[in-house]
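Engineer:
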Amino acid sequence: MTANLRTGIALAVALLLVATLPRWAGDQYQLHLAALICVYWILIAGLNLVVGYTGQLSIGHVGLLAIGAYAFAILAGKMGWHPAAALIAAGALGGLCGLALGLPSLRLPGFYFAMATMAFALIVGEIVLAQVGLTGGGVGLPGPVFPAPFDTPHGFYYLVAALAVLTTWLSWNVARRLWGIGLMSIRDNPVAAQAVGVPLFRAKLTVFVFSGITAGIAGATFSSLQSYITPDTFVFELSLFFFVCIIIGGRGSIVGPFLGTVVLTALPELVAPLAKLGNFFYGLLLLVVVLAVPEGIGRMVEVVIERVRPRVVSNEPIEPDLPRLARAIGAPS
Amino acid sequence: MFTVVVSGLAIGMLYAAVALVYNVMFSTSKVLSVTTGHIAMLGGVFGAWFMTGLHLHWVIGLAGAIAVGALFGGLTELLAIRRVLNRSDEHLWLLSTLALATMVQQAVGLWWGTEPRPFPRLIDQTFSAGALDQKFWLPIALAALMAIGLEVFYRRTLFGKLFLAMSEDAFAARARGVSTDRIRVLSYVLSGALGGLAGFAAGQLTFAYFALGLTLTLNGFIALAVGGLGSNVGALIGGAALGLLNAFASHWFGGSYQQTIAVGLLMVVLLLKPEGLLGSKNVRPV
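For the record, the sequence lines run as chains A and B. First residue of the first sequence: 291, per my numbering; consecutive thereafter. First residue of the second sequence: 2, per my numbering; consecutive thereafter.
#1: One question on the structure: do B/L21 and B/L245 come within less than 9 angstroms of each other, judged by their Cβ atoms?
#2: Using the Cβ count rule (16 or more neighbours within 10 Å means buried), how would you classify B/L230?
#3: For chain A, find out if any of its Cβ atoms is closer than 9 angstroms to the Cβ of B/S97; answer yes or no.
#4: For chain A, find out if any of its Cβ atoms is closer than 9 angstroms to the Cβ of B/R285; answer yes or no.
#5: What are the uninterrupted segments assigned as alpha helix (DSSP H) that are 4 or more residues long and contained completely in the region 423–492 of chain A, given in chain order?
#6: Note down the Cα distance separating A/G427 from A/T520, rounded to an integer number of angstroms.
#7: Give me the chain A residues within the contact set of B/R185, using Cβ-Cβ distance strictly less than 7 angstroms, ordered along the chain.
#8: Going straight from the alpha carbon of A/I587 to that of B/S30, what length do you get?
#9: Against chain A, with Cβ distances strictly below 9 angstroms, would B/S257 count as a contact?
#10: Spatial neighbours of A/Y518 within its chain, please: C-beta separation below 8 angstroms, excluding the five flanking residues on both sides.
#11: Looking at chain A, is there any beta carbon in it that lies within less than 9 angstroms of the beta carbon of B/L93?
#12: Which same chain residues, not among the five before or five after B/L143, have their C-beta less than 7 angstroms away from its C-beta?
#13: Beta carbons nearer than 7 angstroms to chain B: which residues of the region 386–413 of chain A have them?
#14: Decide if B/M2 is buried, meaning its Cβ has at least 16 other Cβ atoms within 10 Å, or exposed.
#15: Since A/F570 meets chain B, which of its residues come closer than 8 angstroms, beta carbon to beta carbon?
#16: When we look at the beta-carbon of A/W331 and count the other beta-carbons within 10 Å, is it buried (16 or more) or exposed?
#17: Helix or strand or just coil, what does DSSP make of A/Y330?
#18: Tell me which residues of the region 213–237 of chain B have at least one Cβ-Cβ distance to chain A shorter than 9 angstroms, keeping chain order.
#19: May I ask you to report which of helix, strand or coil DSSP gives B/I184?
#20: In angstroms, rounded to a whole number, what distance separates the CA positions of B/Y16 and B/T207?
#21: So is B/Q205 in contact with chain A if we call contact Cβ pairs under 9 angstroms?
#22: For a cutoff of 9 angstroms on Cβ pairs, would you count B/T115 as touching chain A?
#23: Quick check: what's the CA-CA separation for A/S395 versus A/Y402?
#24: Starting from the beta carbon of B/Q260, find every residue of chain A whose beta carbon is closer than 7 angstroms, and list them in chain order.
#25: Can you tell me whether A/G506 is buried or exposed, with buried defined as 16 or more other CB within 10 angstroms of its CB?
#26: Can you check whether the CB of B/G228 is closer than 9 angstroms to the CB of B/L279?
#27: Assuming contact is defined by CB atoms lying nearer than 9 angstroms, are A/L301 and A/T511 in contact in what I supplied?
#28: How far does the alpha helix (DSSP H) with A/E416 in it reach, from first residue to last?
#29: Looking only at its own chain, which residues have a Cβ that is under 7 angstroms from the Cβ of A/L419, when we skip the five neighbours before and after it?
#30: Take the Cβ of B/R285 as the centre, count every other Cβ of all protein chains shown within 10 Å, and call the residue buried at 16 or more, exposed below.
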C-alpha cells in the first residue's frame, strides 16, 4: 500500500466520522461539544501555521477571536446584516487586525513578540469594555443565530464542521508544499532560511494574516454557538488553551494539534475534577510536555511506532561506473 | 496634580522594581521569565495572608513574603530554566516559564480566591494623608533602594562580580572555574527575594490579587524594554515614564485605555530606539 493511498483512506475515514457524528452523538450536549471543538479548530488550524510551523509564539489570538465575535454580533445582530455577509466581514476584519498586529510585532524576536501579542489581547479586552455603545461593555451582546438550515444544533454543527474541514484543507495545502518547508526553516534557523531565499518577514506576515482570518471566522461562529458574549468570555487563559493544544500536539504537524484540540476540549468536560482545576491543568500539561517531550506528543507516538515497526531501510550499494569516470577525467583506459 | 504625579510615580516604581527583577534573572541566564510578575504577586498575597490570616507582626510578614518569593524564584530556575537551557531551542524557556506562571496564578486563585483582598497597613497613619500616604511612597522608596543596593552588590561583592562576569560571557566565566549553574540558581533566588519584597511593599497600592502577576509581567517588561534591557537606571527611568504616562492619561482621558497607552509607549520606543533608552546595542538586537 503506498503512502498516498494510506493518506487517502485515513482522510476518507476522518471525513466520514465528521459527517456522521450527529448520528451517534449521545445527546445535545455532546453535539454542542463537537461544534465547540470545530470552532476552536478553525482558529487553531490557522494558529498552527504560525506557532507550529513558523515558530512565532503568539499568545494573543484570543484578541483576534474576540474581534471576530464582536464584529459578527454587531453586524448581524445590531445592524441586521445577513449572517453570511457578517461571517465574511468578521473574517476580513480578523485578517486586517492580524495585519495591523503583525506588521510591527513580527519584526520582534521571541519574547518581545509574545509580549506584544499578549498586550494586544489585553488591549482588545480594554477597548471592548470601554466602548459601551458599540459592544455593550461589561453587559455583553447576544450572539445572532444563523438562518434556516443552520439554526438547529445539527445544522450548526454541519456548518462549523464544513468550515473546519475547509480551513484544515487550506492549512494542509500550505503545510505540505514548499511553503510549509520554508516556514519550518524559519522556525528552525532563520539565518539559514534567509540565506536560501525564504522571504522571512513576508512569509511570517502572510501566515499571520491567514491565522487572523481564521480567528475572525472562528470568533463569528463562536459568538453564535455561545449565544451570548461578554468580555469575560475572552479571558487570556483561552489564548493559552489554543497555544497549549498546538504545543502538546506537536509542532510541525496538523494531526497532532487536532488531536490536542479534541482531547483538551473534551477532557475537562467529561472528567469533572479536571474542570475545577481548569487552567492549572493546562499549565501543568504544558510544563510536563515542554520538559519531557518538547517535540509534542504527536512526535512521541511516531517514535514509538518506529520502535515497534522499524522502517525498512533498503541497502542499495552504489557501484562506481569506472569506464565513464575514466572518460570524464580523460585518463587513458 | 501633585497626587497624580505621586500615584503615577508609585505604580511606575513598582513596574521599575519588576524590571529590576527581570534584569537580575537576565544577567545570569539570558532568559526573560514570564513568572517575574507572579513573584511580586506572591509577595503581596502571602504578605497579606501572613498578616491578616495568621495575625503575625508585619516584620515577620515581610520576612515571609521575601522567603516565599525567594523559594519560588529558586523553584523557577530548577523546574523551568535548568533543563531547558541545556537544549538548543531558545523558545522553550518561554513556554516553560509561561506554564509555571499559569500554574502559580491558578493555584493562588483557587486557594486565595479570585477577588482582590485588602492589604493591611504597615505603619500607623490616617487615611487623610493624601499624596503622602504610605502606599505611595513605600514602593517609590523601595525601588530606589533596590537599584542602589543592586549597584553596590554588583560593584563591591564577589558574587556581584560573578553575576556581571556571567552576563558578559557565560562560557568564559565557566572556563575560569565559576560554577555557572550555582550562580544562576543564586541569581534566581535573589531576584525572587527582591520580587517578593516589591510585591509586599506595593501591596497596599495593588491589593492582594491573584491576577496581578500577568499585568506586572507585561508592564515590568515594558518598563524594561523602554529603559533598555540590562540597565538598572534605565529600568527606573522606564518605570517612572510608564507610570507617569498612565497616571496623566487616566487623569485627563479617564482610565479605560491604560494598557493601550502603555503598549503605545513601548511601540514608539522600539521604533525610534530599538535597544531602549539606556540599553547597549549588543545586548539583544531587536
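Cβ coordinates follow ideal geometry from the N, Cα and C atoms, glycine included. Computed from a predicted model, the values in this text were never measured in an experiment.
Structural biologist: Checking against the coordinates, here is how it stands:
#1: no
#2: buried
#3: Residue-level contact check: B/S97 touches chain A, since one or more beta carbons of chain A fall below 9 angstroms from its beta carbon.
#4: Low confidence applies to B/R285: its pLDDT is 48, below 50, so where it sits in the model is not reliable enough to give any reading.
#5: 443–466, 468–478, 480–485
#6: 8 angstroms
#7: Simply none; closest approach about 17 angstroms.
#8: 28 angstroms
#9: B/S257 counts as touching chain A.
#10: G430, L431, P432, G433
#11: Answer yes: the Cβ-Cβ gap between B/L93 and chain A drops below 9 angstroms somewhere.
#12: A18, L198, A199, A202
#13: P394, L398, P399, G400, F401, Y402, A404, M405, M408, A409, L412, I413
#14: exposed
#15: T103, M104, Q107, A108, L111
#16: buried
#17: helix
#18: L215, T216, T218, L219, F222, I223, A226
#19: helix
#20: 12 angstroms
#21: no
#22: no
#23: 8 angstroms
#24: A409, L412, I413, E416
#25: That one is buried.
#26: yes
#27: no
#28: 400–420
#29: G427, G428, P521
#30: With a pLDDT of 48 at B/R285, under the threshold of 50, the modelled position of that residue is not reliable, and the figure given next carries that caveat. Result: buried.
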